[in-house]
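Scroll down for the structure; my scribbles are underneath it.
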Amino acid sequence: MMTQLTLDMGEIGRRYNVVGINAGRGLSEKIMEMGIVPGTEIKIISRFGGHVIVMVRGSVIALSRGISRKILISPLE
Amino acid sequence: MLRGKVKAIEINREEIEGVIALVGATNVGKSTLFNVLTRQNVKVSNWPGTTVSKHEGLLEIDGEKYLFIDLPGIHGYYGLTLDESISKNYLLEGSYDLVIVIGDYSDLVRSLYTVILVSETFLKNLIVINKSDLIDQESSQEFDELISKRLGVESISISAIKESNIDHLIKRIKTLIKNKYSAHEIYVNYGDLEKYIQNIIEVLSKYSFDRSKISLRGLAVNFLAEDPDIESFIAKTVSKEDHRKLLEIRLTAKKELNRDLTEIIISSRYAFIEDLIKRSSVAKYVYKETYEKTWIDKIMEKPMGSAILLLGILFSLFLLIFIINTGFPLNIIFSLIGLEDIAVVIEENSLSGLLSKAFEYLSDYIKSLMSSYPEPLVGLLTDGIIAGVSAVIVFIPLIYLVSLGFAILEDSGVATRLAVGLHKTFSRFGFSGRYAYPVLVSLGCNVPGVMLSRGAFDSRERLAQILSIPFIPCQARLIVALAVAQALFSGEPLYQALLILWIYVLGIMISLISGFIIRRLVLKERYSPELIIDLPRIHRPYAKVVGWISWSYTKEFLIRAGVIIFILSIFIWFITNFGPEGYTTEFSQSYGYIIGSYVTPFLKPFNINNSIGPIIGLAFLQGFVAKEGLLSTLTIITGSEDPVSAINSLQLTASQMISILTFGMLYVPCLATLSVIYQETRSWRWTLFSIIYMLFIAYIVTLVTYHTLIIFMR
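Taken in sequence, the protein lines are chains V and W. Mapping of the first sequence onto our numbering: residues 1 to 77, in sequence order. Mapping of the second sequence onto our numbering: residues 78 to 791, in sequence order.
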């Protein structure tokens with residue numbers, strides 16, 4: 001079993017794989033349409049103001065803690 | 078967003094060669110392209126039944142007219158937002174000749190998602206990829222060819238801001254419309270879903286959808302993704318029996334695949350886009366190993382970084398605006414170090430000071446010219462009409478400067494980062510970090526502040542913003558506060574500054590707490606708003622874009638609020654100069670006095686003399702029209718030389734004066750703000766609510782202030 005954690009717990013500078021999204025209708029579609037789909041590689045680049053700043057498919061996206069808690073990731077090595 | 082000139086253009090559909098819709102993700106430069114194509118020959122209205130503004134613009138070329146429609150920016154279809162729904166339904170209705178779907182080289186993968194999404198369903202599309210100045214010309218040409226070859230859709234790379242390749246684009250638009258062009262259907266491979274897509278197409282193909290505009294494959298895919306707009310579009314056309322059949326196909330797909338269908342669809346689209354990019358040399362621009370942090374990112378990572386950065390930017394921006402506009406706080410600083418003369422000069426020569434002076438001269442001049450005419454006529458012209466025009470004009474430099482500052486922050490990408498950095502602070506009060514903009518702008522004027530609620534995260538937060546913004550002390554209220562401070566603490570600039578500071582702290586705090594009240598108690602929402610947002614590249618703001626934004630704000634103010642301010646200024650002139658006995662110069666004979674006297678009972682808890690009740694009442698009535706009207710009314714009805722001596726003539730104690738000032742800062746939105754509140758909520762109920770709500774909060778705060786103050790002072 002791979003270690004799973006939520007996005008807000010990830011380390012800065014590390015790469016992860018998106019495993020799942022645990023949000024209701026509307027929000028989960030919104031997250032996915034932003035390019036964060038299960039199977040996507042995601043890199044945490046920074047954190048400020050309680051937000052996680054990630055790089056996905058060449059774009060930089062900020063997610064508030066509430067949303068980042070709903071995204072399951074596992075470390076990529 | 079508010080872009081382009083607010084100018085009434087005549088649009089006669091019969092004269093138009095073609096209607097072209099612009100669609101794309103936010104930040105792709107859609108509005109820039111729109112403004113470049115239409116040369117700002119633009120009309121702004123609202124999408125029917127909504128508060129989302131609709132921009133239409135005309136391009137006239139070789140005697141032919143083309144109408145462009147700027148659809149709301151969308152990132153996807155399935156986020157259930159109003160903007161997405163408006164754009165989608167416009168396209169489904171099909172009253173256009175061409176859809177330009179816009180991508181962006183600075184955010185290629187994400188922006189192409191929207192491009193694929195739209196061109197998959199709507200066939201009269203032309204792909205335009207903006208910001209080609211960020212990559213080499215060879216790569217952009219190669220990418221255009223690749224898209225045409227693999228998607229069967231024409232693609233043109235342009236740079237809207239540098240205006241490169243625009244002529245070619247216009248030529249192609251003309252040709253495509255003349256040829257009644259439809260692009261090929263795009264085939265994204267949806268893997269396991271293909272079987273079900275085919276089944277749905279089979280059902281749909283019995284019906285007469287306009288196949289030159291709409292792709293059945295596109296409809297089928299979005300139906301499987303449970304897109305509510307596309308679902309109801311299909312339901313309107315197909316029979317009940319077939320609709321049931323379609324729902325069954327979807328249910329079977331879910332059961333057999335045991336996966337979220339939307340997830341499959343979105344992943345497949347992204348896989349398709351990334352495959353496309355990897356075949357092209359643009360890939361080297363898209364996939365960077367490291368993200369280069371800008372200086373702003375570095376500051377914001379530090380604890381308190383974003384707060385300090387914001388305060389720094391805000392402080393310098395507003396200091397500049399305040400100095401230009403009211404001379405504040407330079408006038409106070411100078412009088413503090415004993416240079417009273419310089420302080421007066423600064424105040425009188427501030428932009429707004431000079432403007433009001435010009436109007437005073439004008440009205441005095443007309444009075445002297447018309448001295449032989451009947452008094453009511455001269456009064457109407459000078460104190461009514463000219464004063465009304467002046468009340469609007471004096472605001473213009475202010476609004477222009479505020480929106481200029483805002484436009485610079487917005488266009489450079491700094492505003493988005495600030496919103497993110499401040500989100501945590503604001504979310505404690507039930508706002509998202511997006512509330513930073515309205516607050517920022519409202520310090521200048523609440524009118525554009527209320528308009529900026531359009532940036533809110535959702536419609537509920539937007540309502541909370543609209544109802545809370547009017548508590549923010551604007552510059553008109555600053556002028557009132559300055560006069561009271563001068564009257565109360567004459568020759569004591571330090572106390573003056575402290576009183577002003579108190580007014581700001583109080584107003585901003587109440588506005589924040591109001592967010593909590595509205596969200597938790599009125600909307601009964603239990604959670605704080607969440608944020609998921611793109612961080613655009615930081616770049617130097619483009620003068621052209623900044624110019625457009627600030628100019629369009631100023632124009633919108635002139636048209637939307639200016640007219641109301643003007644009309645009501647004249648109305649108020651009437652009620653203060655006419656009474657049951659007809660024209661009068663005696664204040665106590667006017668309708669205004671009668672209306673003002675209703676306020677008297679509410680002044681009881683403040684031990685205020687009954688005789689000045691109507692004066693204060695009338696002043697507040699005037700302040701409802703425009704806050705600075707409080708001062709001019711007081712000056713006129715007390716027969717004083719200037720506002721400061723007018724305030725002194727009321728002979729109030731310090732506690733009473735501060736309490737009345739506190740009430741005056743919070744009590745109601747001014748009429749211009751109120752008109753924008755109605756414009757934005759499209760609801761008389763909420764507009765009325767905002768008045769009652771503010772009166773209620775202001776009265777309570779004032780009571781608390783007064784009874785606290787009398788413990789310490791007289």
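Cβ coordinates follow ideal geometry from the N, Cα and C atoms, glycine included.
Anticipated Cβ contact below 8 Å, W:Cys-551 with W:Lys-704, distance rounded:
7 Å
Say whether chain W places a C-beta atom closer than 8 Å to the C-beta of V:Met-55.
yes
For V:Gly-20, which of helix, strand or coil comes out of DSSP?
DSSP places V:Gly-20 in strand when its eight states are reduced to three.
Using the beta-carbon count (16 or more within 10 Å), is W:Met-78 buried or exposed?
For W:Met-78, the pLDDT reaches just 32, beneath the cut-off of 50, and the residue's location in the model is therefore unreliable, although a value from the coordinates is still provided. Result: buried.
Per DSSP, cross-strand counterpart(s) of W:Asp-611:
V:Ile-61
Anything in chain W within Cβ reach of V:Pro-38, meaning under 7 Å, just list it in chain order.
Glu-340
Considering only heavy atoms of the ligand PLP, does any lie closer than 7 Å to the CB of W:Asn-687?
For the ligand PLP, the structure offers nothing, since it holds no ligand at all.
With 8 Å as the limit, tell me which residues of the region 186-216 of chain W have their beta carbon closer than that to any beta carbon of chain V; keep them in chain order.
Val-186, Arg-187, Tyr-190
Mind reading off the beta-carbon distance from V:Ser-46 to W:Asp-374? Whole number of angstroms is fine, and I expect it under 8 Å.
6 Å
Check whether the region 509-528 of chain W and the region 721-728 of chain W are in contact - that is, three or more C-beta pairs closer than 8 Å.
no
What's the C-alpha gap between W:Leu-600 and W:Ala-435?
47 Å
Would you kindly work out how many angstroms separate the C-alpha atoms of W:Met-771 and W:Gly-592, rounded to a whole number?
13 Å
Buried or exposed for W:Tyr-167, going by 16 or more other Cβ atoms inside 10 Å?
buried
Which residues mark the beginning and the end of the alpha helix (DSSP H) in which W:Gly-568 is found?
Per DSSP, W:Gly-568 belongs to no alpha helix (DSSP H) and is neither H nor E.
Specify the secondary structure class of W:Asp-244 as computed by DSSP and reduced to three states.
Reduced to three states, the DSSP call for W:Asp-244 is helix.
Does V:Ile-42 have its Cβ less than 8 Å from a Cβ in chain W?
Not a single C-beta of chain W is nearer than 8 Å to the C-beta of V:Ile-42.
Compute the Euclidean distance between the alpha carbons of W:Lys-317 and W:Trp-763, then round it to the nearest angstrom.
39 Å
For the beta strand (DSSP E) that W:Glu-94 lies in, which residues bound it at each end?
93-101
Apart from the five residues on each side of it in sequence, which residues of its chain come closer than 7 Å, Cβ to Cβ, to W:Tyr-154?
Glu-161, Lys-165, Leu-194, Asn-299, Asp-304
Out of W:Asp-611, W:His-245, W:Val-178, point me to the one whose CA is closest to W:Val-491's CA.
W:Asp-611
Using a Cβ-Cβ distance under 8 Å, would V:Ile-73 count as near chain W?
no
Starting from the Cα of W:Glu-271, find the closest Cα among W:Ala-330, W:Ser-234, W:Leu-253 and give me that residue.
W:Ala-330
At a Cβ threshold of 8 Å, is W:Ser-344 touching chain V?
yes
Supposed contact pair W:Ser-504 and W:Ala-533 - C-beta distance, whole angstroms, cut 8 Å
No, W:Ala-533 and W:Ser-504 are not in contact; Cβ-Cβ is about 13 Å, not under 8 Å.
How big is the Cα-Cα spacing for W:Lys-201 and W:Arg-288?
10 Å
Please state whether the Cβ-Cβ distance between W:Glu-92 and W:Lys-142 is less than 8 Å.
Yes, these two residues count as a Cβ contact at 8 Å.
Spatial neighbours of W:Leu-792 within its chain, please: C-beta separation below 8 Å, excluding the five flanking residues on both sides.
This structure gives no information on residue 792 of chain W, because the portion of chain W shown stretches from 78 to 791.
Excluding five sequence neighbours on each side, which residues of the same chain lie with their C-beta closer than 6 Å to the C-beta of W:Leu-544?
Ile-595, Ser-767
Taking the continuous alpha helix (DSSP H) assigned at W:Ile-291, which residues delimit it?
From DSSP, W:Ile-291 is part of no alpha helix (DSSP H); its letter is neither H nor E.
Pair every Cβ in the region 450-465 of chain W with every Cβ in the region 639-656 of chain W, then say whether three or more of these pairs are closer than 8 Å.
Output reads yes: the region 639-656 of chain W touches the region 450-465 of chain W.
Determine, using beta carbons only, whether W:Leu-225 and W:Ser-234 come nearer to each other than 8 Å.
The sequence as given places Ser at residue 225 of chain W; Leu does not occur at that position. No.
Taking only runs that begin and end inside the region 655-704 of chain W, name each unbroken alpha helix (DSSP H) of 4 or more residues, in chain order.
Annotation: the region 655-704 of chain W contains the following complete segments of the alpha helix (DSSP H) (minimum length 4 residues), in chain order: 668-673, 677-680, 690-702.
With a 10 Å radius around its C-beta and 16 neighbouring C-beta atoms as the bar for buried, classify V:Lys-43 as buried or exposed.
buried
Whole-angstrom distance between W:Lys-632 and W:Leu-110, CA atom to CA atom
20 Å
If you reduce the DSSP assignment to three classes, tell me which class V:Met-55 lands in.
strand
Between the region 58-71 of chain V and chain W, which residues of the former have CB atoms less than 7 Å from a CB of the latter, in chain order?
Gly-58, Ser-59, Val-60, Ile-61, Ala-62, Leu-63, Ser-64, Gly-66, Ile-67
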